[in-house]
Every structure is written in structure tokens, then in C-alpha cells.
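Protein chains in written order, with my numbering: chain E, 857 to 1178; chain Z, 857 to 1178.
Protein chains: 2
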Amino acid sequence: MVSDRTVTQIHGAALKRSLAGADLKIQRWTSLVPGERSKTLATARALYDAWIQAGADRGSVVLAFGGGVIGDVAGFAASTFLRGLSVVHVPTTVISQVDSAVGGKTGVNFEHAKNLIGTFHSPRLVIMDPDLFSTLSERDFRAGWVEAVKMGITLRRDLFERLERDTERVLVREPALMEDLVATCVQAKSEIVGRDERDEEVRAILNYGHTIGHAVEGAFRGRLRHGEAVAVGMNAAAWLGEELGVSIGDVRERQNRCLGALGLKLALPGADKGVIARNLKLDKKVRDKKIRVVLTLQIGSASVWPHISSRLLRTAVRVVTS
Amino acid sequence: MVSDRTVTQIHGAALKRSLAGADLKIQRWTSLVPGERSKTLATARALYDAWIQAGADRGSVVLAFGGGVIGDVAGFAASTFLRGLSVVHVPTTVISQVDSAVGGKTGVNFEHAKNLIGTFHSPRLVIMDPDLFSTLSERDFRAGWVEAVKMGITLRRDLFERLERDTERVLVREPALMEDLVATCVQAKSEIVGRDERDEEVRAILNYGHTIGHAVEGAFRGRLRHGEAVAVGMNAAAWLGEELGVSIGDVRERQNRCLGALGLKLALPGADKGVIARNLKLDKKVRDKKIRVVLTLQIGSASVWPHISSRLLRTAVRVVTS
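Quick look at the structure:
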């Protein structure tokens, strides 16, 4: 069992009762420091140590109970321990339920580059319960929906239009709506991952907003939620789409209005442009020194643009940091 | 390019010429300290750093040029960098050509347990040239053939009988024989790996001699060649086969005579039995606290015995350390 201190404190007792009721034995419960700073190789080493002490073997199962950070780092450690233990995800946050718990990507950060070290390791099972959202902070809750907006913008016009229309019902955490939106996102994500698990073709579309988003997130070293950074990256990507004449109609305007209604900032005046530019060079999506960026053609349809010039990208960074 | 200082010194210039002739550009050449002590997470981190500095991206290829240690650690780092770079193995030793370069297992040691951290990551290409054996030390050359004897004992009677009959021709490194034996081993290994890549069933047979072998190797902390430890482990496994009445005929006697003719020690008087016993508990093959051991029924045929008692295993350790 891998969780963080906050999740353990709020939901630990209930999960322990539930597992005991099912006669499942917890060999070891590890509670990490909450937040991005736990997503390191040092944490993976600490998990290896804990699992050795607990006598884990190839038949042991790692249960990742928490948000995206817990899923990523526990998934990475599990995928590399004894050449791969089975993983069950119980995602507790909006972002991990609508996005990261599906698809098998694991990762830790390395020298400020997000997910530079990682594997593909599909979970055996993912258990989603949107009731868990009730204990999330307003900030985490709002930032989590950015990935859902992204899926709507790039893949599912109907999903985007629901988020656009029902923003207020989302913000009051209406239970039936939560369940429905999570199911729609999981379905959209699964369909893409099923076609391209290893992120070589169509899955790349899910990186919309993430090229500049990751660079921004790295520059802020844990002071931004992932969704907050991606919202800024999506604004930059939409700007690029307009600038290059790729986007049709009011994509940027509607996207940004929806993100704004969810309470997200679209720009970060005063951010360190130099650090962001350096982080961009370490991006996994960089190939042969040309930067690939996902651009939206119209709402619900996006495509990978392989040859964005560094100059234009720097201008996009300027747009969202001024 | 990942190699070690010895291999780089002896064969580096030739390989550089060869790659330049094929118009292949080396972004970065990393030469590690030779030997098992380079098989660590710290080395993987150093490779990540080198690859970041060299500007590696998802299209980069890692060429592992060396013996089993280089293949294991370079393969591990490649499999976890940007969620997996392509790997080409150019194995330079007997053991890596007859065994480790085929099958996609990667690994680093962790707290004296061999390969505790690792992945499955198949190479795109393996280039074998037995001419490289000519520069191996006598000790490395002899120890390398242990894995070939193991494949003969457990899977291919004809292979074992050739090694038994042609030991002297092996020891003078007769070129045509080297090529032929390497090809036979690669074929035997590929066939097993093709049936069970993730080591869940039949591939486990290749662990013959490795349960106690790994524990012994860990106890000697780099002072034994892998093959030397496995030879001792094979002696212990053959003793268990006899003790349990599983082996038919003169398996142990013929196996040990062949290993002895190759110059391998079959026992290590004075080894630390306590450390070996502790290492056994960390073995990847341990499941639900029962130790699984591969036993030979007759030459060319082996099977996994799932429930060997700790007491009997300790006796086997005593047999090979007295």
C-alpha cells in the first residue's frame, strides 16, 4: 500500500476496514510526503527498501492510493521491483480519476524535468469512487478538471460542451454529474490508449498543452498544481494554433473562458522565461531538436504539429508569462 | 554508447571506425568502471545525466557494448529513460553472447541482492562476434561457459554432450566451434524466451543453479564471476536433485566433471553461510516464503520444484561451502 499522509489521514481507516473485510492482508503501508516533491528516484528507493523489509515477492500487489503523484511514483517503483509487481490504482483526486490512473504511464522527475524517468506498466485494476472528491481542497478540485477540458477540446466536442455548460454544477460537486463526467473521460482516454499504448502516434494528442505546461510546472518547482500549469500551456497552444492559422473559429476564446470559469489562471506574469526555455529542451516530445506541439483544429479535433520553430515557441512562452 | 573502460580500450577504436563507416553518429560514449560494482542505480543516474547532456531524445538508440554488466545496466537505464529508448546489444563476452544478451532482462543490484531492480526490455538488435573472445582473460572466458553447460543440462542434451566431449577445443578457443556453440545457445535461449518472455512459466528453468548461485555471488560482493557462482549453485542444485530422488542417473557427476574440466570450482569452503542465507530470502524466485528451485530430472530435462524447505536449502548451502 502506497499513499500520502493526507490521504492516509482522511481515508486510511475506511480503506483498512474495507480490505480487512475482504480478507486482504496489507504487508506494508507507506505514507509519502504529499505533493510533487515525492516524485523522485529517492522515493522509489525508499519504496524498494520498505518492500524488501516487508518480504514482498513477485506475487505481491502494489496498491496506489492517492492522486497522480502516488500513482506515478508507486507505479514506477512497482514496475522496476523484481522486474515488475502488479499494480492496483485507487485514485483519490479529480485529475487521477479523469486522466492519470488510466493508461499505464509511470514516472518520476529528474533534475526538474517532469517524468523524465519512467515506464509503461498497465495496472491490473483501477477502482474509481468520485465520492472521494468531497474532501479535496477547492484548488485541487478545480485544477483537476483541466485534463477533462483538454480531452474535450482535443477529442470530444460533447464533453467540452458539457463542461462549458455545466461549470457551476461541476463546482458544487454534484455527485451524479461527477460520476458521469469521470466515466466519459475514462472512456475517451481508454479508447486512445487502446489504440496506441506506447504513445507513438495518436496518444500524443493527449499531450495538448503539456509541452509548455510541463516546462512551466518545472520552473515553479512544486508551487503549481499540474492542472494549473497545463491550463497555461493550453492557452499557449491555443495561441500557437491561432497564430499559425491552424485553428478554426473561436477555439482559444471558448477554451479560455471555460478554464477561467473553473477558476484557472491563463497566464503567469513574471515567471522565469529562461528556466522555462531550458526545460523545453528536455521535453520527451522533442525529437531531432524540433519541437512537436499538439494544436487544435476545431473543438473536439487536434493534431500533432512536428516542426514548430524555437522562435515561435519562445513567443508563445512570452504570451503566457506577460 | 555505453561500454566499460577495458572494452573501450581494447575494441573502442575499431567500433568507432565501423560506426563512422556506416555514417552512424555517436552522441555520447560512456565508459563505466568494469565489473559488477557498476550495476547500481547510481550508474543508471549517471547515464541519465550523460544522455540529458548529449541531448538524447526518444529517437536516440542506446548501444550496449560489453559483457553482461554493461547489457544489464545500460538496458535498465534505457528502459526507464523517457519511458524507454531502443537498445542494441553488442555483447563482447562468452556469458553475454551465450546467455544474457538474448531475452530482454535488465537489472541493477540493490543492497547486495542481484538484479532486485529491473525491467523486461527487448533489444531491437543483437550483434554477436565470437572473435571478440580472443581478448578475454582465461578466468572470464572459462566462467562464461557455465551458462552454456546449464542450458545443456536443463534443455539440450546434445549441447551438454558436445561441451563434455569438446572441452579442450573450447579451451583453445577454436573459432568455428565458438561460433557454432554461440549459435546453439542463442537458439535454445530464444526458443524459451519466445514461449515465456516475462519469466512466469517455462523460462524459470533457466534459473537452474541461480537460486543459491545469486546468494553466493552477493555474499562475495564482486569477488566472484557470475559463472563461478552459478557453477557452485549448480552443484548445490544437483545435490538437491539427488537428495530428493528427483535426478535419474549420474547427472551430478557428469555436470560437475564438465564444470571441473572447464576449470570451475564446485565448492567455496569458508564462505559466509549466514550472509548467503539472508540473501536467499531476497531472491526474486521466492514466492509466499517457499523457495522454488529448478531441479534436473535427467541431462537435458529440468523442472521447477516449488516447495523446497528452508532446512534442506541450508543443508545444500553447507554442502557447497564446506
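The beta-carbon is built from N, C-alpha and C at its ideal position, and this holds for glycine as well.
- Chain-ordered listing is empty here: chain Z has no CB closer than 8 Å to the CB of Thr1067 of chain E, the nearest sitting near 13 Å.
- For the pair Gly1069 of chain Z and Glu892 of chain Z, the CB atoms are not nearer than the 8 Å cut-off.
- C-alpha of Gln1111 of chain E to C-alpha of Glu1098 of chain E: approximately 13 Å in a straight line.
- By the CB criterion at 8 Å, Ala910 of chain E and Arg939 of chain E fall outside the cutoff.
- Nearest in C-alpha terms to Ala1071 of chain Z, of all of Z:Lys1137, Z:Tyr904, Z:Pro947, is Z:Lys1137.
- Nearest CB-CB separation between Glu967 of chain Z and chain E: below the 8 Å threshold.
- Taking a contact to require three or more Cβ pairs closer than 8 Å, the stretch 958-965 of chain Z and the stretch 909-923 of chain Z do not qualify as touching.
- Taking each of Z:Asp987, Z:Asn1063, Z:Leu1033 in turn and checking the Cα distance to Leu1011 of chain Z, the smallest one comes out for Z:Asn1063.
- When DSSP states are grouped into helix, strand and coil, Phe932 of chain E belongs to the helix group.
- Proximity of Tyr904 of chain Z to chain E, defined by a Cβ-Cβ separation below 8 Å, is satisfied.
- Between the alpha carbons of Pro947 of chain E and His1066 of chain E lies a distance of about 21 Å.
- Counting only Cβ-Cβ distances below 9 Å, Ser935 of chain E has contacts in chain Z at Thr936, Thr975, in chain order.
- For a Cβ distance threshold of 9 Å, residue set Arg939 of chain E lies close to Lys961 of chain Z, ordered along the chain.
- Per the C-alpha coordinates, the member of E:Gln865, E:Leu1153, E:Leu1120, E:Phe921 positioned closest to Glu994 of chain E is E:Leu1120.
- In this chain, the beta strand (DSSP E) harbouring Val964 of chain E covers 964-966.
- Exposure of His1163 of chain Z is indicated by the presence of fewer than 16 other C-beta atoms within 10 angstroms of its C-beta.
- Here the alpha carbon of Ile983 of chain Z sits roughly 14 Å from the alpha carbon of Phe989 of chain Z.
- In this structure Ala1087 of chain E touches Leu1122 of chain E by the C-beta definition: roughly 6 Å separates them, less than 8 Å.
- For the C-beta of Ile908 of chain E, the chain Z residues within less than 9 Å are, from N- to C-terminus, Phe966, Glu967, Ala969, Leu972, Leu1138.
- Within 8 Å of the CB of Leu880 of chain Z, no CB atom of chain E is found; the nearest one sits about 15 Å away.
- At a cut-off of 8 Å between beta carbons, Leu897 of chain Z contacts chain E.
- As the crow flies, the alpha-carbon of Phe966 of chain Z is around 21 Å from that of Ser887 of chain Z.
- A distance below 8 Å separates the beta carbons of Val858 of chain Z and Phe921 of chain Z.
- Asp860 of chain Z carries a strand assignment under DSSP once its states are collapsed to helix, strand and coil.
- Runs of the beta strand (DSSP E) lying entirely within the stretch 861-896 of chain E, each at least 3 residues long, are 886-888 in chain order.
- Trp1161 of chain Z is bridged by DSSP to Z:Val1149.
- Around the beta carbon of Lys881 of chain Z, fewer than 16 other beta carbons lie within 10 angstroms, which makes this residue exposed.
- Taking 8 Å as the upper bound for CB-CB distance, Val1173 of chain Z and Gly1083 of chain Z are not in contact here, some 19 Å apart.
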